[in-house]
Each structure stands twice: as structure tokens, then as C-alpha cells.
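Take the sequence shown: its position 110, counted from the start at 1, is 110 in full-length UniProt numbering, and no numbers get skipped.
Even glycine gets a Cβ: it sits at the ideal position worked out from N, Cα and C.
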Amino acid sequence: MPNLNVYVAEGHTVAQKAALLQRMTDAVVDSVGSPKESVRIFLIELPRAHVCVGGVTLLADELAGRPVPPGGPTVHAFLIAGRSDAQKEALIGGITRAIGETLAIPPDPVRVMIFDVASTDFGMKGVTAKSLGR
Numbered sequence: 001m002p003n004l005n006v007y008v009a010e011g012h013t014v015a016q017k018a019a020l021l022q023r024m025t026d027a028v029v030d031s032v033g034s035p036k037e038s039v040r041i042f043l044i045e046l047p048r049a050h051v052c053v054g055g056v057t058l059l060a061d062e063l064a065g066r067p068v069p070p071g072g073p074t075v076h077a078f079l080i081a082g083r084s085d086a087q088k089e090a091l092i093g094g095i096t097r098a099i100g101e102t103l104a105i106p107p108d109p110v111r112v113m114i115f116d117v118a119s120t121d122f123g124m125k126g127v128t129a130k131s132l133g134r
């Protein structure tokens with residue numbers, strides 16, 4: 001079930017983004033034990049004018065000749081409730097490493113938020129995850 005929304009500022013190559021998606025998939029599988037085929041990751045690429053850090057857009061920093069911070073990335077990970085704290089910590093670490101190693105972004109600006117979703121509040125195949133035994 002894991003669904004991840006990954007928000008990144010524009011500017012990464014197709015190869016970097018493909019590697020990021022693969023590495024993040026592996027991090028989910030390794031940390032929470034989900035089957036690879038059930039992992040869904042949506043990469044949402046944002047224009048620099050749409051990312052703000054400390055009240056200043058990344059585009060404004062760029063146009064002013066200032067160093068441009070990475071502006072994230074931010075990851076929202078939606079999981080069926082029931083994962084242990086250790087699994088969640090492993091997921092956060094694995095995602096952060098995947099971002100660092102594929103996009104060359106240090107861990108400090110990376111944000112990972114895990115949302116536990118009750119099995120009655122997540123649907124697949126037209127029914128709840130609970131009705132499917134999850």
C-alpha cells in the first residue's frame with residue numbers, strides 16, 4: 001500500500017529522478033516489508049518560483065545571485081497503520097539517504113512525514129484495505 005508523494009524543486013536530470021524513485025522504492029521495501037509491486041511513488045517537480053524557504057523563493061535567490069538552497073525535498077509517506085517505530089525510523093533514514101545519494105542533497109533540508117492511515121480509510125480494488133485483510 002505505501003503511497004509516497006515526493007516534492008522536489010526542478011533541475012534534476014531524468015536519470016537522477018529515475019534513480020531516486022528506484023532507491024526510494026527499495027527503501028520502502030527494506031524498511032517496512034511491503035511488496036515492491038504495492039509501492040506507489042509520485043514525483044512532484046516544482047518550479048523554483050513555487051518553492052519558498054525562509055520567506056524567499058528559490059527563484060528570487062537565483063535571480064539575486066545568492067546561493068540557492070535545495071528547498072527540500074519533502075516526502076509525504078502514507079502507510080496503513082500498524083508499522084513499528086523502528087520501521088518508520090528505518091523508512092525515514094532510507095528515504096533521506098536515497099535523496100542524498102541520488103540528488104546530492106544533504107540530510108538537513110530533507111523532510112519526511114509519515115501518515116498512518118487506518119485500514120478502513122484506505123481503499124484498493126474498490127473496497128477498504130481492511131476488507132482485503134490488511
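(1) Quick one: residues in its chain with C-beta nearer than 7 Å to the C-beta of Thr102, no 5 flanking neighbours on either side, listed in chain order?
(2) Would you identify the three-state DSSP class for His12, choosing helix, strand or coil?
(3) Any chance you could list the beta strand (DSSP E) runs of at least 3 consecutive residues sitting entirely within the segment 26 to 68, in chain order?
(4) What are the residues that DSSP puts in a beta bridge with Asp116?
(5) Based on DSSP bridge pairs, tell me the residues matched to Met124.
(6) Who are the near neighbours of Val51 in its chain, counting only those whose CB is closer than 6 Å to its CB and skipping five residues on each side?
(7) What residue from Asp116, Ala129 and Ala49 has the CA that sits closest to Ser84's CA?
(8) Please determine, among Thr74, Gly82 and Leu79, the residue with the shortest C-alpha to C-alpha distance to residue 157.
Working from what's here:
(1) Gln16, Ala19, Leu20 and Arg23
(2) coil
(3) 40 to 46
(4) Leu79
(5) Val127
(6) Ala9, Leu58 and Gly71
(7) Asp116
(8) With the chain represented from 1 up to 134, any question about residue 157 goes unanswered, as that position is not in the structure.
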